[in-house]
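Novice: So that we are looking at the same thing, I have put the structure below in structure tokens.
2 protein chains.
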Amino acid sequence: MDRYTEYREVARQLGLDAVALVPGPNFARMLGKNFHVNERPLVVVVPVEGPPAAVVPNLELRSWDLVNFDGETFDWMDQTGYSGAFEALARHMTLRRIGVEGQVMRVFIHHALAAAWPGIEIIDAEREISLLRARKTEAEIAAMSEAIRISEAALAEVFEKVRVGLTEKEVERMLVQALYANGAEEQAFGPIVAAGENSARPHASARDDYAIRPGDALLFDFGAQWGGFCADITRTVFVGHASDEAREVYATVLAANEKGIELARPGATAHEIDDAVIGVLEASPFADRIRTKTGHGLGRAVHETPYIMRGNHQVLEPGMVFTDEPGLYHIGSFGVRIEDDVLITETGCRVLTAFPKTLTVL
Amino acid sequence: MDRYTEYREVARQLGLDAVALVPGPNFARMLGKNFHVNERPLVVVVPVEGPPAAVVPNLELRSWDLVNFDGETFDWMDQTGYSGAFEALARHMTLRRIGVEGQVMRVFIHHALAAAWPGIEIIDAEREISLLRARKTEAEIAAMSEAIRISEAALAEVFEKVRVGLTEKEVERMLVQALYANGAEEQAFGPIVAAGENSARPHASARDDYAIRPGDALLFDFGAQWGGFCADITRTVFVGHASDEAREVYATVLAANEKGIELARPGATAHEIDDAVIGVLEASPFADRIRTKTGHGLGRAVHETPYIMRGNHQVLEPGMVFTDEPGLYHIGSFGVRIEDDVLITETGCRVLTAFPKTLTVL
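Protein chains in written order, with numbering that gives the first Met the number 0: chain Z, 0 to 361; chain F, 0 to 361.
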């Protein structure tokens, strides 16, 4: 077994001649190194049998050396364009059906493949290729735990500084600086810092014209990336004071979050977890504030398999990590979301996030 | 003329029924707001005539409200999937040929379009759609200038702290924190901080196991994003001392950089600029260290039209911004790159970057 074996097997099972990977989470897992995503195509083709081959921009060759690639590399220069390199690859390797990562590969590369192998069938094998990332190794869990540690240290620092009158943007900038100061390699995604009615938008953008007011909910959804792995954590606090309604909503969301942890174990399905978590919210007086499912897998990508939602009967297995992030969103008023990162173990689960969840008034 | 007019015109000129935009630089320009790129398709279709229409994830609807969209919106929930929304859009709008952004749209959305309109022809209209961004408005130049100001302030702070013994990663983290402390909304791209032989890799990754040594070249290539616009600046300095060879290489790269500024004016072609800039390097004793072209357009995307390279006979027009970033890369030894951001004006050019370029020994 070498680093291509599992990918060859995916191709074989789908009746494909090969899979083609581009820089991103699967590429990084397979080759141990990632590359910038830009206008220059970089593609690795792994056939069912025989050595892989790659198209690589000439100016990346000295970085490509670090990959210790096992197959033929066809490079190309900006001045001459990339179609010649794809044609050379097509002469080198006969392909009729190829699987690609539909969530990662962009259309111009799809078109370059179609032009190089006229009549080629290009299949979206995202699900099968990404499924190889679902069960994390111990080293991968350690990297994710470090990303979480960094994230939680940063949040604790920001909590010390939050006060009425700061804008969402100012708080966001504090958070981002604290992430890097604590050792983040990158951010797992653009952070959400949302106060007041903005907290009722599941994917709010921080505003520079809204200053935090007494009684506001303040929602943080963010994460560091470390060693190629993402953290994803949400905490909602209140500033100055919390209303009775806020406290009741918070307790409801926390109960739903805890229900997810209670049920997380090998053999449970994604559907069962979501059904129980959302069930807690549905049984509350706030059922009309439900907007989202329970969560998603977490790893090299911040959203990946398994998606924790009704209708997804995928069975959870040891080594899988998912977010448990129920929320209630009252449009025009406020929202609450509480998110932990949960690892399925051999016997149950381990919650990787450790930041306190008791109702906090800053 | 409304915000869709130019996009309709692109579709008309290419003989298309519509163009489809997804979150990214063109989408942000057209709608004044951007969205997270994730596994949930969000697509706006702008037909040659009649109102636009969109497919939007249900959980984004409260953010979508902020767009004040002019057409029909078909939303979808995670639990039921997105194919129904695409089918509803297809019943609403007949399409046979559609243009997409090949550098931005991912394959799974391409497949969703092809499934909703069987037999549809999907054309890569990246060049024509992105060309609408090439001539910047004064407000856009102001945003980019702010991104550059932030970037240069951050670099000045980092220069105060660089010393022998720090790792590339430590310096990178200082730089990133300084960017956010100075007001960056995001980073324009993952920064390059490369010392010693790593500086000879045009797209190096910072290492946490390499500490800066006396005499090292130290290359910074980075930029803030502000108001949706990117800065992109490179400076190469030396730590402790600079060898005679280093000084000679630096002077050569600086002369090439200055040649680009000298020639930048409306009516010049991208080819002419690159030919002259690279010509300076080719005439030097270091011609075998050339790895890259002169530069690329800069705006909402860090790499965009016009690409400043031989063979590209695109004529430069007032309002265009490009990077002038010649470099010399001696594999296994060191590299030097100097990068400015240059605005074409009515009569010549204005260099937006102001950071000193005299040889610096920290």
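We put the CB at the ideal spot given by N, CA and C, even for glycine.
Just so it is clear, the structure is predicted and the values come from calculations on it, not from any experiment.
Hey, how far is the Cα of Val192 (chain Z) from the Cα of Met143 (chain F)?
Specialist: Translated into positions along the first sequence, residue 192 (chain Z) becomes position 193. Translated into positions along the second sequence, residue 143 (chain F) becomes position 144. If you take the alpha carbons of Val192 (chain Z) and Met143 (chain F), they lie about 24 Å apart.
Novice: Which residues, in chain order, does the segment 36 to 51 of chain F contribute to contact with chain Z at a C-beta distance below 8 Å?
Specialist: Within the segment 36 to 51 of chain F, the qualifying residues are Asn37, Glu38.
Novice: Starting from Pro24 (chain Z), trace the alpha helix (DSSP H) both ways and give me its first and last residue.
Specialist: As a working mapping, residue 24 (chain Z) is identified with position 25 in the first sequence. Per DSSP, Pro24 (chain Z) belongs to the alpha helix (DSSP H) from 24 to 30.
Novice: Shorter than 8 Å from the beta carbon of His312 (chain Z) to some beta carbon of chain F?
Specialist: Counting from 1 along the first sequence, the entry for residue 312 (chain Z) is found at position 313. Closer than 8 Å: no.
Novice: Would you say Thr235 (chain F) reaches chain Z, if we count a Cβ-Cβ gap shorter than 8 Å as a contact?
Specialist: Start at 1 with the first residue of the second sequence, and residue 235 (chain F) comes out as number 236. By this cut-off, Thr235 (chain F) is not an interface position.
Novice: Alpha carbon to alpha carbon, how far is Leu60 (chain F) from Arg246 (chain F)?
Specialist: Position 61 of the second sequence, counted from the first residue, corresponds to residue 60 (chain F). Position 247 of the second sequence, counted from the first residue, corresponds to residue 246 (chain F). So the alpha carbons of these two residues sit roughly 57 Å apart.
Novice: Please state the DSSP three-state secondary structure of Phe158 (chain Z).
Specialist: Taking the first sequence and counting its residues from 1, one reaches residue 158 (chain Z) at position 159. The answer is helix: DSSP assigns Phe158 (chain Z) an H, G or I state.
Novice: Is the Cβ-Cβ distance between Leu154 (chain F) and Arg105 (chain F) less than 8 Å?
Specialist: In the second sequence, residue 154 (chain F) corresponds to position 155, counting from 1. In the second sequence, residue 105 (chain F) corresponds to position 106, counting from 1. No, the pair does not count as a contact, with Cβ atoms beyond the cut-off.
Novice: I believe Ile232 (chain F) touches Phe354 (chain F) by the beta-carbon criterion, under 8 Å. Please report the beta-carbon distance rounded to the nearest angstrom.
Specialist: Along the second sequence, one-based indexing puts residue 232 (chain F) at 233. Along the second sequence, one-based indexing puts residue 354 (chain F) at 355. The Cβ separation is near 7 Å, so the contact holds.
Novice: Which chain F residues sit within Cβ distance under 9 Å of Thr166 (chain Z)?
Specialist: The count along the first sequence starts at 1 and reaches residue 166 (chain Z) at position 167. Here the premise fails: no neighbours, minimum Cβ distance about 12 Å.
Novice: Answer yes if the segment 115 to 129 of chain Z comes into contact with the segment 125 to 144 of chain F, meaning at least three C-beta pairs across the two stretches below 8 Å, and no otherwise.
Specialist: Touching, no.
Novice: Please report the distance separating the alpha-carbon of Leu327 (chain F) from that of Ala199 (chain F).
Specialist: What you label residue 327 (chain F) is simply residue 328 of the second sequence in a count that begins at 1. What you label residue 199 (chain F) is simply residue 200 of the second sequence in a count that begins at 1. If you take the alpha carbons of Leu327 (chain F) and Ala199 (chain F), they lie about 8 Å apart.
Novice: Checking the sheet assignment: what are the DSSP bridge partners for Gly366 (chain Z)?
Specialist: Outside the modelled stretch of chain Z, which goes from 0 to 361, sits residue 366 (chain Z), for which no answer is possible.
Novice: Rounded to whole angstroms, what's the CA-CA distance from Val175 (chain F) to Gln12 (chain F)? Just pull it up for me.
Specialist: Translated into the one-based positions of the second sequence, residue 175 (chain F) becomes position 176. Translated into the one-based positions of the second sequence, residue 12 (chain F) becomes position 13. Straight-line Cα distance between these residues: approximately 43 Å.
Novice: With Val301 (chain F) and Ala187 (chain F) assumed to form a contact (beta carbons below 8 Å), what rounded beta-carbon distance in angstroms separates them?
Specialist: Here the question's residue 301 (chain F) lines up with position 302 in the second sequence. Here the question's residue 187 (chain F) lines up with position 188 in the second sequence. Between Ala187 (chain F) and Val301 (chain F) the Cβ distance is about 5 Å, and since that is below 8 Å, they are a contact.
Novice: Would you say Arg309 (chain Z) reaches chain F, if we count a Cβ-Cβ gap shorter than 8 Å as a contact?
Specialist: Sequence index remark: in the first sequence, residue 309 (chain Z) carries index 310 (1-based). Yes, because at least one Cβ of chain F sits closer than 8 Å to the Cβ of Arg309 (chain Z).
Novice: With a threshold of 8 Å, are at least 3 pairs of Cβ atoms found where one atom belongs to the segment 166 to 173 of chain Z and the other to the segment 246 to 256 of chain Z?
Specialist: No, the segment 166 to 173 of chain Z is not in contact with the segment 246 to 256 of chain Z.
Novice: Taking the beta carbon of Val248 (chain Z) as the centre, do at least 16 other beta carbons fall within 10 Å, making it buried, or is it exposed?
Specialist: As a first step, residue 248 (chain Z) is located in the first sequence; it is residue number 249 there, counting from the start. Looking at its Cβ environment, which holds 16 or more other Cβ atoms inside 10 Å, Val248 (chain Z) is buried.
Novice: At a Cβ threshold of 8 Å, is Ser242 (chain F) touching chain Z?
Specialist: Residue mapping note: residue 242 (chain F) aligns to position 243 of the second sequence, counting from 1. No, its Cβ sits nowhere closer than 8 Å to a Cβ of chain Z.
Novice: Run through the DSSP bridge pairs and tell me what Phe237 (chain Z) is partnered with.
Specialist: The residue given as residue 237 (chain Z) occupies position 238 in the first sequence. Phe237 (chain Z) pairs with Z:Ala216, Z:Val360.
Novice: Considering only C-alpha positions, which residue in the set F:Phe237, F:Ile147, F:Glu159 is nearest to Ala230 (chain F)?
Specialist: Translated into positions along the second sequence, residue 230 (chain F) becomes position 231. For Ala230 (chain F), the nearest C-alpha among the options comes from F:Ile147.
Novice: What do you reckon, are the CB atoms on Thr291 (chain Z) and Pro201 (chain Z) nearer than 8 Å?
Specialist: Within the first sequence, numbered from 1, the residue matching residue 291 (chain Z) stands at position 292. Within the first sequence, numbered from 1, the residue matching residue 201 (chain Z) stands at position 202. Yes.
Novice: Quick check on DSSP: helix, strand or coil for Ile149 (chain F)?
Specialist: Locating residue 149 (chain F) in the second sequence gives position 150, where the first residue counts as 1. Here Ile149 (chain F) sits in helix by DSSP.
Novice: Just the Cα atoms here: how many angstroms apart are Ser204 (chain Z) and Gly70 (chain F)?
Specialist: As a position in the first sequence, residue 204 (chain Z) is number 205, starting the count at 1. As a position in the second sequence, residue 70 (chain F) is number 71, starting the count at 1. If you take the alpha carbons of Ser204 (chain Z) and Gly70 (chain F), they lie about 23 Å apart.
Novice: Give the DSSP-derived three-state secondary structure of Trp116 (chain Z) in the structure shown.
Specialist: Counted from its first residue, the first sequence places residue 116 (chain Z) at position 117. Note: Trp116 (chain Z) maps to coil in three-state DSSP.
Novice: Does the beta-carbon of Leu65 (chain Z) have 16 or more other beta-carbons within 10 angstroms, so that it is buried, or is it exposed?
Specialist: Here residue 65 (chain Z) is taken as the residue at index 66 of the first sequence, counted from 1. Flag for Leu65 (chain Z) reads exposed.
Novice: Counting only C-beta atoms, is Phe107 (chain F) closer than 8 Å to chain Z at any point?
Specialist: Translated into the one-based positions of the second sequence, residue 107 (chain F) becomes position 108. True, the Cβ-Cβ gap to chain Z drops below 8 Å.
Novice: What are the residues of the segment 92 to 119 of chain F that lie near chain Z, defined by any Cβ-Cβ distance shorter than 9 Å?
Specialist: For the segment 92 to 119 of chain F, which is checked against every Cβ of chain Z, the residues closer than 9 Å are Val99, Glu100, Gly101, Gln102, Val103, Met104, Arg105, Val106, Phe107, Ile108, His109, His110.
Novice: Once the 5 residues before and after Ala177 (chain Z) are set aside, which same chain residues still bring their CB inside 7 Å of it?
Specialist: In the first sequence, residue 177 (chain Z) corresponds to position 178, counting from 1. Result list for Ala177 (chain Z): Ala153, Glu156, Val157, in chain order.
Novice: Near Ala27 (chain Z), which residues of its chain fall below 8 Å by C-beta distance, leaving aside the five closest residues on each side in sequence?
Specialist: Taking the first residue of the first sequence as 1, we reach residue 27 (chain Z) at position 28. Closer than 8 Å at Cβ, skipping near neighbours: Asn33, Gly227, Arg299.
Novice: How is Ala210 (chain F) classed by DSSP in three states: helix, strand or coil?
Specialist: The count along the second sequence starts at 1 and reaches residue 210 (chain F) at position 211. The answer is strand: DSSP assigns Ala210 (chain F) an E or B state.
Novice: From what residue to what residue does the beta strand (DSSP E) around Gln224 (chain Z) run?
Specialist: If you number the first sequence from 1, residue 224 (chain Z) lands on position 225. Taken as a continuous stretch (DSSP letters only), the beta strand (DSSP E) holding Gln224 (chain Z) covers 223 to 225.
Novice: What's the gap between the Cα of Leu218 (chain Z) and the Cα of Val360 (chain Z)?
Specialist: Here residue 218 (chain Z) refers to the residue found at position 219 when the first sequence is read from its first residue. Here residue 360 (chain Z) refers to the residue found at position 361 when the first sequence is read from its first residue. Rounded to the nearest angstrom, the two C-alpha atoms are 12 Å apart.
Novice: When Cβ atoms are compared, which residues of the segment 54 to 76 of chain Z fall closer than 8 Å to chain F?
Specialist: Residues Asn57, Leu58, Glu59, Arg61, Ser62.
Novice: Under 7 Å Cβ-Cβ, which residues of chain Z neighbour Arg206 (chain F)?
Specialist: If you number the second sequence from 1, residue 206 (chain F) lands on position 207. Going along chain Z, no residue has its Cβ under 7 Å from Arg206 (chain F), so there is no contact; the nearest lies around 10 Å.
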